[in-house]
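Chemist:
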Amino acid sequence: MHGRILVVRVVALAFLILFPCCGPPKPPKHDCPIKELVIDETSFPPGSTSRSLLSPLPRAAWASAGRTIDHPGGVANHDVYQFKTAERAAQEYRKREQTQFAEDEHKGPWTTPAELTYRSPIADQYRVACGKLRSLRLCIMVAQYEEYFVLVTSHMSEDGMTYGDFQRVLWAVDEKMSACLGKPLTPEAASP
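Residue numbering for the sequence shown is 9 to 200, as defined by the working numbering.
(1) Along the alpha helix (DSSP H) that carries F174, what are the first and last residues, could you check?
(2) Beta-carbon within less than 7 Å of K184's beta-carbon, same chain only, minus the 5 sequence neighbours each way: which residues are those?
(3) Taking 8 Å as the limit between beta carbons, can you name the residues of its chain near N85, skipping five residues before and five after?
(4) Classify Q106: buried if its beta carbon has 16 or more other beta carbons within 10 angstroms, exposed otherwise.
(5) State the Cα-Cα distance for the pair P32 and T93, rounded to the nearest angstrom.
(6) So what does C40 bridge to, in DSSP terms?
(7) On the three-pair Cβ rule with 8 Å, is the stretch 52 to 62 touching the stretch 118 to 134?
(8) Give me the DSSP bridge partner(s) of Q90.
(9) Assign P32 to one of three DSSP states: helix, strand, or coil.
(10) Give the straight-line distance between the Cα atoms of I148 and P64, rounded to the nearest whole angstrom.
(11) Got a sec, what are the start and stop residues for the beta strand (DSSP E) G116 sits in?
(12) Using 10 angstroms around the beta-carbon of D87, count the other beta-carbons present and answer buried if the total reaches 16, otherwise exposed.
(13) Am I right that P80 and G168 are in contact with their C-beta atoms under 8 Å? What's the rounded C-beta distance?
(14) When you compare only the Cα positions, how much space is there between P121 and Q99?
(15) R135: which of C188, Q108, K115, L144 sits nearest, CA to CA?
(16) Have a look at Q90, L61, R104 and flag the residue whose alpha-carbon is nearest the alpha-carbon of V150.
(17) For V46, which beta-bridge partners are listed by DSSP?
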């Protein structure tokens, strides 16, 4: 009888050592309220208005939120997805970088204009590029900040949303992520 109990205990211990993933799910590293990471119209040109905040978003991760902003030249979107791990957010970044910057006869080519000089000093992966979507000019930013994936898209026009305006939006996103992650923005990354 004691031999069977010992065998059961050894098997149970081996199972716990070999399969530690089977415990209760661990929450992500950061506990920032996801809705507070989404920017509003104050980061956009005068005359911009925010639509309702959506949370969770379709294709939701652990947590997600997003908003559409109507600005004087079109619309912009800002979506934030939080995953359980940075590795999962990195996978999402790689997948979305390919899909967002895909080129065909209706969209692209995607290049980074010389006027867009801001690069996030706190993102793990970051890409900004602009191109055509049918007849519209569009700029896109995809970024991974630890366990977060962030997407910003905006219609662009000289009389509505300029590259300078878009840089201010990118800075506003970094300010939100900096506060959440506890990563200060360096003086070299001064606001555009």
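The beta carbon of each residue, even a glycine, is placed where N, CA and C say it ideally should be.
Modeler: Answer, in terms of the structure:
(1) Locating residue 174 in the sequence shown gives position 166, where the first residue counts as 1. F174 -> alpha helix (DSSP H) spans 171 to 189.
(2) As a working mapping, residue 184 is identified with position 176 in the sequence shown. Correct list, in chain order: L45, I47.
(3) Numbered from 1 along the sequence shown, position 77 holds the residue referred to as residue 85. If we look at N85 and ignore the five residues flanking it on each side, its Cβ neighbours are G74, R75, T76, I77, L159, V160, T161, S162.
(4) As a first step, residue 106 must be located in the sequence shown, where it is residue number 98. With fewer than 16 other Cβ atoms within 10 Å, it is exposed.
(5) The count along the sequence shown starts at 1 and reaches residue 32 at position 24. The count along the sequence shown starts at 1 and reaches residue 93 at position 85. For P32, the predicted structure reports a pLDDT of 49, less than 50, and the residue's modelled location is therefore unreliable. A value from the coordinates is still provided. So the two alpha carbons sit approximately 15 Å from each other.
(6) Within the sequence shown, the letter at position 32 stands for residue 40. C40 pairs with nothing; no bridge assigned.
(7) no
(8) Working through the sequence shown from its first residue, we reach residue 90 at position 82. According to DSSP, Q90 bridges with A71, Y156.
(9) Within the sequence shown, the letter at position 24 stands for residue 32. Confidence at P32 is low in this model, with a pLDDT of 49, below 50, so the placement of that residue should be treated as unreliable; the coordinate-derived value is given next. Three-state DSSP puts P32 in coil, outside helix and strand.
(10) Within the sequence shown, numbered from 1, the residue matching residue 148 stands at position 140. Within the sequence shown, numbered from 1, the residue matching residue 64 stands at position 56. Cα to Cα, I148 sits roughly 21 Å from P64.
(11) The count along the sequence shown starts at 1 and reaches residue 116 at position 108. Counting along the chain, the beta strand (DSSP E) containing G116 begins and ends at 115 to 119.
(12) Your numbering for residue 87 matches position 79 in the sequence shown. Buried, because 16 or more other Cβ atoms sit within 10 Å of the Cβ of D87.
(13) Here residue 80 corresponds to residue number 72 of the sequence shown, with the count starting at 1. Here residue 168 corresponds to residue number 160 of the sequence shown, with the count starting at 1. Confirmed, Cβ separation roughly 4 Å.
(14) Taking the first residue of the sequence shown as 1, we reach residue 121 at position 113. Taking the first residue of the sequence shown as 1, we reach residue 99 at position 91. So the two alpha carbons sit approximately 26 Å from each other.
(15) Here residue 135 refers to the residue found at position 127 of the sequence shown. Closest by alpha carbon: Q108.
(16) Numbered from 1 along the sequence shown, position 142 holds the residue referred to as residue 150. Checking every option, the nearest Cα to that of V150 belongs to R104.
(17) One-based indexing of the sequence shown puts residue 46 at position 38. DSSP, once it has assigned bridges, lists no residue as partnering V46.
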